[in-house]
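Residue numbers (the working numbering), protein chains in the order written: chain A, 1 to 166; chain B, 1001 to 1198. In what follows, a structure is listed as structure tokens, so that the remarks can point back to it.
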Amino acid sequence: MNIPKRLGWIPGGIALALLIWFTFSTIGADRPIGASTGIAYMGAWFFGLQESEYFQQIKKSGSWEVIFLIGVLIGGFLTSVFITKTFKFRIVPPLWKKHKNNSPASRLIWSFIGGFMVVFGARLAGGCTSGHFLSGASQTAVSGLIFGGVAIVVLIATGRLFYKNL
Amino acid sequence: MDFNIVEFFTQTIDLVQKQHHGSIPLILFIGIVFGVIIQWTRVDTFDKIAGFAMLHGFKVPKMLFFSIGIASIGLYFMIKMGWAHYHIKPIMLGGLIIGGVIFAIGMAILGLCPGTGPVAVSEGNIDVFTGLIGGLLAGALFTYLYPDLKAIMGPDYGKLTLAQLVGHDWFIFVYGVALIVIAFLLPNREVEEEVGEI
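So this is what it looks like as structure tokens:
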């Protein structure tokens, strides 16, 4: 049997929809998919903030998402090694080279800043692409649609302003 | 910093087992399938996500809109039949807007988000790993500042869905089909992969 090395957006989108249904269903997890609470949960734990008001609020979702993210790491790793054959240690993405610079140091610093903003923003908004978009918009949640609208506009504006030679 | 990894996992697993949202193997399974889909479609790459921010490639929004379109129609009836429940996040208007802006600027720069980022880390992207460290710090700082930040996150307009607002079953078909149509109408352009093959 020939396993395709890449999956297109149509089979990918259908698979993701099936996974959303399964996760929401009472035979699955009876909850939405989410990721950013898990990151905040881990971060708070690293700094011994388990007694804080916020940690107490998110510890149920956060702990669930930590287990989920461990699965994500396993699934991503196995696929990159055995199916897409893309596992490789690397620092500067090709498109960054083309539209920003060649410097690994610059890429690492900006990645740190970007990662910080992504999680801080997601926590302010109460969700990320997974929670607000995939799960929220699938329920036609107004919160998810507001977040999605703001995020897409700002994403494209940042793409215009931050990168060059577009 | 006082971090004990054994204590972290025993307590995290204990917290998960106390809630009724699936066993540890089931949650791991959901995560693995998510990781496989995201890696296999390669939407876990800077080039695909930042490539969309630069409007060079549209695979990410096509896949996102398509899956939400399908999922929304099915989910609506699953909930009606009692096979699933609504899990709606409240409309915290300040948090959604300010958070959405900060999140999206970061996403365009990092080229990833909290769900796709771990997949990118798992395939060897060291830059995204530093992004993850930034994210962990942000999570800790947010937790620490939360009592002060609450003030800007409101006002809370409650948990609302468009489907409830409209109140008719046909709406969900319009909504779902519209998203699917948008997915097909978005340009087919994709950022070509330049590296990544071993």
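For glycine and all other residues, C-beta sits at the position ideal for the given N, C-alpha and C.
{"Item": "CB contact below 7 Å: residue 105 of chain A versus chain B", "Value": "no"}
{"Item": "Residue 1128 of chain B and residue 1117 of chain B closer than 7 Å at C-beta", "Value": "yes"}
{"Item": "Spatially closest choice to residue 73 of chain A from B/1070, B/1142, B/1033, B/1026, by CA coordinates", "Value": "B/1033"}
{"Item": "Own chain residues within Cβ distance below 8 Å of residue 84 of chain A, not counting five before or after", "Value": "5, 6"}
{"Item": "Chain B contact for residue 82 of chain A (CB, 7 Å cutoff)", "Value": "no"}
{"Item": "Within-7 Å CB hit, residue 3 of chain A to chain B", "Value": "no"}
{"Item": "Where residue 35 of chain A sits in the DSSP three-state scheme", "Value": "coil"}
{"Item": "Residue 1138 of chain B versus residue 1112 of chain B: straight-line alpha-carbon distance, rounded", "Value": "15 Å"}
{"Item": "Burial state of residue 1020 of chain B, where buried means 16 or more other Cβ atoms lie within 10 Å", "Value": "exposed"}
{"Item": "Min CB distance residue 1170 of chain B to chain A below 7 Å", "Value": "no"}
{"Item": "Cα-Cα separation between residue 24 of chain A and residue 1105 of chain B, rounded to whole angstroms", "Value": "30 Å"}
{"Item": "DSSP state of residue 1198 of chain B mapped onto helix, strand, coil", "Value": "Only weak support is given to the placement of residue 1198 of chain B: the predicted model assigns it a pLDDT of 36, under 50, and the value that follows is read from those uncertain coordinates. Residue state, collapsed to three classes: coil."}
{"Item": "Supposed contact pair residue 1125 of chain B and residue 90 of chain A - C-beta distance, whole angstroms, cut 8 Å", "Value": "6 Å"}
{"Item": "Spatial distance of residue 1073 of chain B from residue 1182 of chain B (CA atoms)", "Value": "15 Å"}
{"Item": "For residue 1063 of chain B and residue 1040 of chain B, the rounded distance between their alpha carbons", "Value": "13 Å"}
{"Item": "Contact check, residue 128 of chain A vs residue 63 of chain A, beta carbons under 7 Å", "Value": "no"}
{"Item": "Bridge-paired residues (DSSP) for residue 1004 of chain B", "Value": "Residue 1004 of chain B is not bridged to any residue."}
{"Item": "Candidates B/1119, B/1142, B/1027, B/1144: closest to residue 79 of chain A by CA position", "Value": "B/1119"}
{"Item": "Below-7 Å beta-carbon distance, residue 9 of chain A vs any chain B residue", "Value": "yes"}
{"Item": "Residue from B/1031, B/1056, B/1075 with nearest C-alpha to residue 1172 of chain B", "Value": "B/1075"}
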